[in-house]
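*Asks:*
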Amino acid sequence: MAARTPGLIALFDVDGTLTAPRKVVTPEMLKFMQKLREVVTVGVVGGSDLVKISEQLGSAGFSFLPFTSSCNLTCTETLSNSFDLFICFAVINDYDYVFSENGLVAHKDGKLIDTQSLKSFLGEEKLKEFINFTLHYIADLDIPIKRGTFIEFRSGMINVSPIGRNCSQEERDEFERYDKIHNVRPKMVSVLREKFAHLNLSFSIGGQISFDVFPQGWDKTYCLRYLEDFQEIHFFGDKVYKGGNDFEIYASERTIGHAVTSPEDTAEQCTALFLNK
């Protein structure tokens, strides 16, 4: 195995960067990432919780590691069954760093190193105020389709979906097209930002159907506190525009940002940067 470049890490968004939106990583991409890991330290950072990240990055990678009882996921992760446990274990060991929920749940070398709680930070009354208003807003929202799970409470953030996360992939695609024309999410974010200015919250639109809500500073740059030993941090993401959930870390003075358009583009850029030397 070639020696890794010291002090350098390649850090990747998940959705739209390593996988197609809400799709599973391909075997080819997974093998490429393992090859890349031979020459540089590799980390992933996503807004979703560990289970959802693992569903995207883990199912093609079961063959890399045997399951043992030594994985350290902790009770902060909602693991509904042994299958969830298995894929989460595979993913946190397939990469050097795995930052779920923007790094509010952080794993290094397969072990949990830190967590942060939105509930503890804001308190129940402020959370309830925000959730109640948001649900009323969605109830009055006139859009073609609504399903279920409009609010998903995570360890370090709230995910809000006007259509509901229970929609099918076809309905996701339809809402994404509708949202680009009617700006459902940007308009909703604008209302919530004004209404809850006193809570100092950040709003980040990502994926096809939802946006994340979290305290200011809890965006993807949060994970950088765990990377103090790296002098060169290359970040790869697709939603690097202002308001996108990759913008803050892409624009950070601590990172070298790379905008990508697909997993294939990610692989091409990484090959040029790290493998063709």
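Numbering-wise (the working numbering), the sequence shown opens with residue 755 and increments by one. Beta carbons are placed, not taken as given, at the ideal position from N, Cα and C, and that holds for glycine.
(1) Taking the straight line between their C-alpha atoms, what separation do you get for residue 1029 and residue 787?
(2) How far does the alpha helix (DSSP H) with residue 874 in it extend, from its first residue to its last?
(3) Quick check on the DSSP output: what are the complete beta strand (DSSP E) runs of length 3 or more inside the segment 924 to 995, in order along the chain?
(4) Could you round the C-beta distance between residue 1003 and residue 988 to whole angstroms and report it? I think they count as a contact, below 8 Å.
(5) In the DSSP assignment, the beta strand (DSSP E) including residue 906 goes from what residue to what residue?
(6) Inspect the beta-carbon positions of residue 902 and residue 886 and report whether they are closer than 8 Å.
(7) DSSP three-state label for residue 757, please.
(8) Which of helix, strand or coil does DSSP assign to residue 773?
(9) Let me make sure I understand the geometry here. Which of 1016, 1026 and 981 has the alpha-carbon closest to that of residue 992?
(10) Excluding the 5 residues flanking residue 945 on each side, which residues of the same chain have their C-beta closer than 8 Å to its C-beta?
(11) How would you write the range of the alpha helix (DSSP H) that residue 805 sits in, first residue to last?
(12) Rounded to whole angstroms, what is the Cα-Cα separation between residue 928 and residue 862?
(13) Thinking C-alpha only, which one of 769, 773, 792 and 771 is nearest residue 760?
(14) Okay, do the segment 972 to 984 and the segment 932 to 950 touch, 3+ Cβ pairs below 8 Å being the bar?
(15) Would you mind working out which of 914, 849 and 857 sits nearest residue 864, comparing C-alpha positions?
(16) For residue 877, is the classification buried or exposed, using 16 other Cβ atoms within 10 angstroms of its Cβ as the cut-off for buried?
(17) What does the alpha-carbon distance come out to for the pair residue 898 and residue 805?
(18) Kindly list the residues whose CB is nearer than 6 Å to the CB of residue 1021, restricted to its own chain and excluding five residues on each side of it in sequence; keep chain order.
(19) Between residue 763 and the rest of its own chain, which residues show a CB-CB distance below 8 Å, the 5 nearest in sequence each way excluded?
(20) For residue 938 and residue 916, what's the separation of their Cα atoms in angstroms?
(21) Leaving out the 5 sequence neighbours to the left and right, which residues in its chain are closer than 6 Å to residue 853 when beta-carbon positions are compared?
(22) Please determine, among 765, 776 and 790, the residue with the shortest C-alpha to C-alpha distance to residue 1008.
(23) Taking C-alpha atoms, which residue in 779, 962, 789 and 857 lies nearest to residue 930?
(24) Per the DSSP calculation, residue 851 is bridged to which residue(s)?
(25) Note down the Cα distance separating residue 847 from residue 868, rounded to an integer number of angstroms.
(26) Rank 959, 1014 and 994 by C-alpha distance to the C-alpha of residue 802 and give the top, closest one.
(27) What's the call for residue 1025, buried or exposed, on a 16-neighbour Cβ count within 10 Å?
(28) For residue 856, does the count of other Cβ atoms within 10 angstroms reach 16, so buried, or fall short, so exposed?
(29) Below 8 Å on the Cβ atoms is my contact criterion, and I expect residue 911 with residue 967 to pass it. Report the Cβ-Cβ distance as a whole number of Å.
*Replies:* In this structure, then:
(1) For the purposes of this step, residue 1029 is identified with residue 275 of the sequence shown, where counting begins at 1. For the purposes of this step, residue 787 is identified with residue 33 of the sequence shown, where counting begins at 1. Rounded to the nearest angstrom, the gap between the Cα atoms of residue 1029 and residue 787 is 11 Å.
(2) Numbered from its first residue, the sequence shown carries residue 874 at position 120. Residues 872 to 876.
(3) With a minimum length of 3 residues, the unbroken runs of beta strand (DSSP E) contained wholly in the segment 924 to 995 fall at 955 to 960, 964 to 969 and 986 to 991.
(4) Indexing the sequence shown from 1 puts residue 1003 at position 249. Indexing the sequence shown from 1 puts residue 988 at position 234. About 11 Å separates the two Cβ atoms, so there is no contact after all.
(5) For the purposes of this step, residue 906 is taken as the residue at position 152 of the sequence shown. Where residue 906 is concerned, the enclosing beta strand (DSSP E) stretches over 905 to 907.
(6) As a first step, residue 902 is located in the sequence shown; it is residue number 148 there, counting from the start. As a first step, residue 886 is located in the sequence shown; it is residue number 132 there, counting from the start. Taking the C-beta atoms as reference points, residue 886 is found no nearer than 8 Å to residue 902.
(7) As a position in the sequence shown, residue 757 is number 3, starting the count at 1. Of the three classes helix, strand and coil, the one that applies to residue 757 here is coil, per DSSP.
(8) Taking the sequence shown and counting its residues from 1, one reaches residue 773 at position 19. Secondary structure at residue 773: strand, using DSSP grouped into helix, strand and coil.
(9) Counted from its first residue, the sequence shown places residue 992 at position 238. With distances taken between Cα atoms, residue 992 lies closest to 1016.
(10) Here residue 945 is taken as the residue at index 191 of the sequence shown, counted from 1. Taking C-beta separations shorter than 8 Å and ignoring five residues to either side along the sequence, the partners of residue 945 in its chain run 891, following chain order.
(11) For this step, residue 805 is matched to residue 51 along the sequence shown. Taken as a continuous stretch (DSSP letters only), the alpha helix (DSSP H) holding residue 805 covers 804 to 811.
(12) By 1-based counting over the sequence shown, the position of residue 928 is 174. By 1-based counting over the sequence shown, the position of residue 862 is 108. One C-alpha to the other measures close to 37 Å.
(13) Working through the sequence shown from its first residue, we reach residue 760 at position 6. For residue 760, the nearest C-alpha among the options comes from 792.
(14) Counting Cβ pairs under 8 Å, fewer than three are found: no touch.
(15) For the purposes of this step, residue 864 is taken as residue 110 along the sequence shown, with counting starting at 1. Of the listed residues, the one whose Cα sits closest to residue 864 is 849.
(16) If you number the sequence shown from 1, residue 877 lands on position 123. For residue 877, the number of other beta carbons within 10 angstroms of its own is below 16, and it is reported as exposed.
(17) What you label residue 898 is simply residue 144 of the sequence shown in a count that begins at 1. What you label residue 805 is simply residue 51 of the sequence shown in a count that begins at 1. The straight-line gap from Cα to Cα measures roughly 29 Å.
(18) Here residue 1021 refers to the residue found at position 267 of the sequence shown. Correct list, in chain order: 786.
(19) Here residue 763 refers to the residue found at position 9 of the sequence shown. Apart from the 5 residues on each side of it in sequence, residue 763 sits with its Cβ closer than 8 Å to the Cβ of 794, 795, 796, 797, 850, 851, 981, 984, 986, 987 and 988 in its chain, given in chain order.
(20) As a position in the sequence shown, residue 938 is number 184, starting the count at 1. As a position in the sequence shown, residue 916 is number 162, starting the count at 1. Our two residues, residue 938 and residue 916, have alpha carbons roughly 8 Å apart in a direct line.
(21) Position 99 of the sequence shown holds residue 853. So the qualifying residues of the chain are 799, 860 and 977.
(22) As a position in the sequence shown, residue 1008 is number 254, starting the count at 1. Cα-wise, what sits closest to residue 1008 is 765.
(23) Residue 930 sits at position 176 when you count from the first residue of the sequence shown. Selected option, being the one with the closest Cα: 962.
(24) The count along the sequence shown starts at 1 and reaches residue 851 at position 97. 797 and 862.
(25) By one-based count along the sequence shown, residue 847 stands at place 93. By one-based count along the sequence shown, residue 868 stands at place 114. So the two alpha carbons sit approximately 16 Å from each other.
(26) The residue you call residue 802 lines up with position 48 of the sequence shown. Between residue 802 and the set 959, 1014 and 994, the nearest pair of CA atoms involves 959.
(27) For the purposes of this step, residue 1025 is taken as residue 271 along the sequence shown, with counting starting at 1. With fewer than 16 Cβ atoms within 10 Å of its Cβ, residue 1025 is classed as exposed.
(28) Taking the first residue of the sequence shown as position 1, residue 856 is located at position 102. Residue burial annotation: residue 856 is buried, with at least 16 other C-beta atoms found within 10 angstroms of its C-beta.
(29) Walking along the sequence shown from the start, residue 911 turns up at place 157. Walking along the sequence shown from the start, residue 967 turns up at place 213. That pair is a contact at about 6 Å.
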